[in-house]
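Just add 260 to the spot in the sequence shown (first one is 1) and you have our numbering.
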Amino acid sequence: MVHFGFLSSYPPTRCGLATFTESLISALVSAGGADARIVRVFDASPLQPMTMLGAHAAIAADLIGGDRVSMAATIGALNSCEIAIIQHEYGIYGGPDGDEVVEVLQGLTVASIVVLHTVLVDPTAHQREILRDVCQLASEVVVMTEIARDLLIAEYDVEAIKVNIIPHGVPEWAETTASRPHTTRRVLTWGLISPGKGIEWGIRAMAQLGDLGRSIEYVAAGQTHPKVLAHSGESYREMLLDLAAELDVESVVTIDGRYRDRAELAELVRSADVVLLPYESRDQATSGVLAEAVAAGIPVVATEFPHAVELLSGGAGLIVAHEDPAAIAAALRRVLMGSGTANAMRSAARRDSANTSWPVVASKYRLLSERLIARAAA
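The structure is reproduced here in structure tokens:
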């Protein structure tokens, strides 16, 4: 039995890291021979009490930004396990640029794996220092793309031998075919909604596809990111609705804020003809939505953020310039109006997403963990 400790945001928090960690824990525990203790990361005191999550997983502590008591409890909880797996993203930990995670790592006496969800191309001096410290203190580092690995080595001076590439896991329901009559062609963007998702560029692209009439629709599905909701309410979603009305495309644009469970999300993905990821970020090293779209065999049109450039290089989608509605519209037209293009993308997607299901990905984390535990014992 391997005793894992995890440090991450976690459900009922709704964010990419929380979903990632829940999926990884579920796959590790389901395979048998493992249990997990979770330390949840919060900006402020959580409303949810600590609870058992199942026979082999439990909330062990909460790390609250700026709280010394919770810092000590976090370090103690992780040190009670055999290995700590720590999700790193600048926006979730306390302190400037989330630098409190460094103190957690300094306090660990067990082996640790840090999973990097963002590797900035052009960080500030402080951001660079934090990531260097995190990587130096970790026993091993995991990234999800070759681009992120190369960047760590070249720009952050991380030892190559320490950096492991394990792809983003995808649910086993992901490989699918469309489940609705094709009276219209559906373009889909999904995930938590926030400025930077670039949905406005998708709406502008729809305005350039007016000659297709109602034979094409754009669905942007997802709740507003909780941090965005707390800071600025629904102003971004309202701006998107206003833009659709201004461009006279509100009849073919749907901004859907419903929360979907896994089965409902699977049905939504099955309904898509193409997934559009018009993200504004130039630094996004990991996108769970992108990984799931490719594994589902749905053609993708994405802006040229690092994960998309790498994952779509084999033909599973098209890369377009950032903030360029004309380029987005042309790419969508190419996918939707030519069945040969879409079919070739689906074939490439099936090939490129082989062996990325959560059970396969979890086995890679387990092997890496067992190697570290054995090294520590020796």
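Beta carbons are placed, not taken as given, at the ideal position from N, Cα and C, and that holds for glycine.
Quantities reported herein were computed from a predicted structural model and do not represent experimental measurements.
Buried or exposed (CB count within 10 angstroms, at least 16 for buried), E360: Buried.
For R392: DSSP bridge partner residues: As far as DSSP is concerned, R392 takes part in no beta bridge.
CB contact flag (I426, S399, <8 Å): For I426 and S399, no; Cβs fall outside 8 Å.
Buried or exposed (CB count within 10 angstroms, at least 16 for buried), Y539: By the beta-carbon neighbour count (other beta carbons within 10 angstroms, threshold 16), Y539 is buried.
6 Å Cβ shell around T437 - same chain, five flanking residues per side excluded: Only weak support is given to the placement of T437: the predicted model assigns it a pLDDT of 49, under 50, and the value that follows is read from those uncertain coordinates. Around T437: no qualifying Cβ.
Cross-strand partners of G265 (DSSP beta bridge): DSSP lists R297 and A344 as the bridge partner or partners of G265.
Cutoff 6 Å; reference E510; Cβ partners in own chain excluding five residues on either side: Taken in chain order, the residues that qualify are A504.
Stretch-stretch touch, CB-based, cutoff 8 Å, three pairs: the region 573 to 582 with the region 479 to 496: With the cut-off at 8 Å, the region 573 to 582 and the region 479 to 496 do not touch.
Distance between beta carbons of L592 and A467, contact taken as under 8 Å: About 12 Å; that fails the 8 Å criterion.
Status (buried if at least 16 other CB within 10 Å, exposed otherwise) for M331: By the 10 Å Cβ count, M331 comes out buried.
Rounded distance between the beta-carbons of Y496 and I453, thought under 8 Å: Their Cβ separation, rounded to whole angstroms, is 7 Å, which keeps I453 and Y496 in contact under 8 Å.
Which residues DSSP lists as bridging S620, in chain order: Correcting the residue type first, residue 620 is Val in the shown sequence and not Ser. None; V620 has no bridge partner.
Residue of E564, D543 and R530 minimising C-alpha distance to A555: Here the closest residue by C-alpha is R530.
Distance CB(I324)-CB(D357) smaller than 8 Å: No; because the gap between Cβ atoms is not below 8 Å, this pair is not in contact.
Coil, strand or helix - R520 by DSSP: Under the three-state reduction of DSSP output, R520 falls in the coil class, being neither helix nor strand.
R446, DSSP secondary structure in three states: Residue state, collapsed to three classes: strand.
As assigned by DSSP and simplified to three states, the class of T281: Looking at T281 - three-state DSSP - the assignment turns out to be helix.
Three-state secondary structure assigned by DSSP to V535: V535 falls in the strand class under three-state DSSP.
Residue burial classification, H655 (beta-carbon count within 10 angstroms, cutoff 16): Nothing in the structure corresponds to residue 655, since the chain is present only between 261 and 638.
Which residues DSSP lists as bridging L323, in chain order: L323 pairs with V301.
Rounded separation between L277 and Y270 - CA only: Roughly 7 Å between the two C-alpha positions.
Own chain partners of A609 with C-beta closer than 6 Å, once the 5 adjacent residues on each side are dropped: Closer than 6 Å at the Cβ level, and outside the excluded window around A609, lie V554, G557 and A576.
Which listed residue (A287, G354 and G456) has its alpha carbon closest to that of D650: Beyond the ends of the chain as shown, which are 261 and 638, falls residue 650; an answer cannot be given.
Exposure label - R522; buried when at least 16 CB within 10 Å: Exposed, by the Cβ-count rule.
Contact set for W618: own chain, Cβ-Cβ below 6 Å, skip 5 residues either direction: Here the set comprises S283, A287 and G429.
Nearest-angstrom Cα separation, counted from Q483 out to N603: Roughly 31 Å between the two C-alpha positions.
M404 burial status per 10 Å Cβ neighbour count (16 or more: buried): Buried.
Exposure of R445, with buried meaning 16 or more beta-carbon neighbours within 10 Å: Around the beta carbon of R445, 16 or more other beta carbons lie within 10 angstroms, which makes this residue buried.
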